[in-house]
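For the sequence shown, my numbering begins at 35 and goes up steadily by one.
Report on the structure given below.
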Amino acid sequence: MTSVGEALSAAISFLESRDIAGARLDAQLLLAHTLRRDRAWLLAHDDEPITDHQAADFEAFISRRSEHIPVVHLTGHREFYGLEFEITPDVLTPRVETEQMAEWAIKYAPKDSKLIDIGTGSGAIAIAIAAHRPDLHITATEITDEALSIAKTNAKNHGAKIDLIKADLWEGITGTFDTIVTNLPY
35 MTSVGEALSA
45 AISFLESRDI
55 AGARLDAQLL
65 LAHTLRRDRA
75 WLLAHDDEPI
85 TDHQAADFEA
95 FISRRSEHIP
105 VVHLTGHREF
115 YGLEFEITPD
125 VLTPRVETEQ
135 MAEWAIKYAP
145 KDSKLIDIGT
155 GSGAIAIAIA
165 AHRPDLHITA
175 TEITDEALSI
185 AKTNAKNHGA
195 KIDLIKADLW
205 EGITGTFDTI
215 VTNLPY
């Protein structure tokens, strides 16, 4: 039977041999996902055995990652601003640098004001802001039904009170907003 540490070591070596940048982090994320644990648990339980079934599932993830498939597309989840989000091919993966935008809105949006997130995708920005600024009235727009569905799921999972509207940028949006955030595809 393989241990957590042995599985990680083999996976890291394999990914590095395939020129996967961030092989250590990717292997940890994929094993944590496979075991339904967090990375801290992995580090604290290096000698913990994993079942043959878990080892096979992990090896399948590592094999697919070696083909340069992004981790988020393998797990269907991404952490953003300390929150876990469901991600599908229907939405873009929220980038780490986008957290700065959420942080600025959390810090600088006027108290009890209105904020709009144009092109919300997974809802990550709007939901992160809502989690830290419950005083804000937040509206988020998205052009596709598929992305809007993911945003609704993520908002529900986080108990975020956000008005989600199907719209192409500002089309059909009325009213004024004190703060505007967006991170449209480029």
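Glycine residues also receive a C-beta, built at the ideal position from the N, C-alpha and C atoms.
Identify every run of the alpha helix (DSSP H) within the region 36-83, keeping only runs that are complete inside it and at least 4 residues long; order them along the chain.
-> 38-51, 57-69 and 73-78
Please report how far the alpha carbon of Met-135 lies from the alpha carbon of Asp-80, in whole angstroms.
-> 37 angstroms
Measure the Cβ-Cβ separation of Thr-127 and Gly-153 and say whether it is below 9 angstroms.
-> no
Helix, strand or coil at Val-125 [DSSP, three-state] | coil
In chain order, what residues of the same chain lie with their CB nearer than 7 angstroms to the CB of Ala-57, ignoring the 5 residues before and after it?
-> Ile-46, Leu-49 and Glu-50
In its own chain, which residues sit with a C-beta less than 8 angstroms from the C-beta of Leu-76, not counting the 5 before and 5 after it?
-> Val-38, Leu-42, Gln-62, Leu-65, Ala-66 and Leu-69
Helix, strand or coil at Arg-167 [DSSP, three-state] | coil
What distance in whole Å lies between the Cβ atoms of Asp-212 and Ala-143, which are believed to be in contact at a cut-off of 8 angstroms?
-> 7 angstroms
On the three-state DSSP scale, how would you describe Lys-186?
-> helix
Backbone secondary structure at Ala-174 - three-state DSSP | strand
Nearest residue (CA-CA) to Pro-219, options Gly-193, Gly-155 and Thr-173 | Gly-155
Are Leu-203 and Ile-172 closer than 9 angstroms when you measure CB to CB?
-> no
For Val-215: DSSP bridge partner residues | Asp-151
Which two residues bound the contiguous beta strand (DSSP E) that contains Lys-195?
-> It is not in any beta strand (DSSP E) - Lys-195 carries neither H nor E in the DSSP assignment.
First and last residue of the alpha helix (DSSP H) that includes Glu-118?
-> Run containing Glu-118: none in the alpha helix (DSSP H); it sits in the beta strand (DSSP E), 117-120.
Bridge partner(s) assigned by DSSP for Lys-200 | Glu-176
Three-way DSSP call (helix, strand, coil) for Glu-101 in this model | coil
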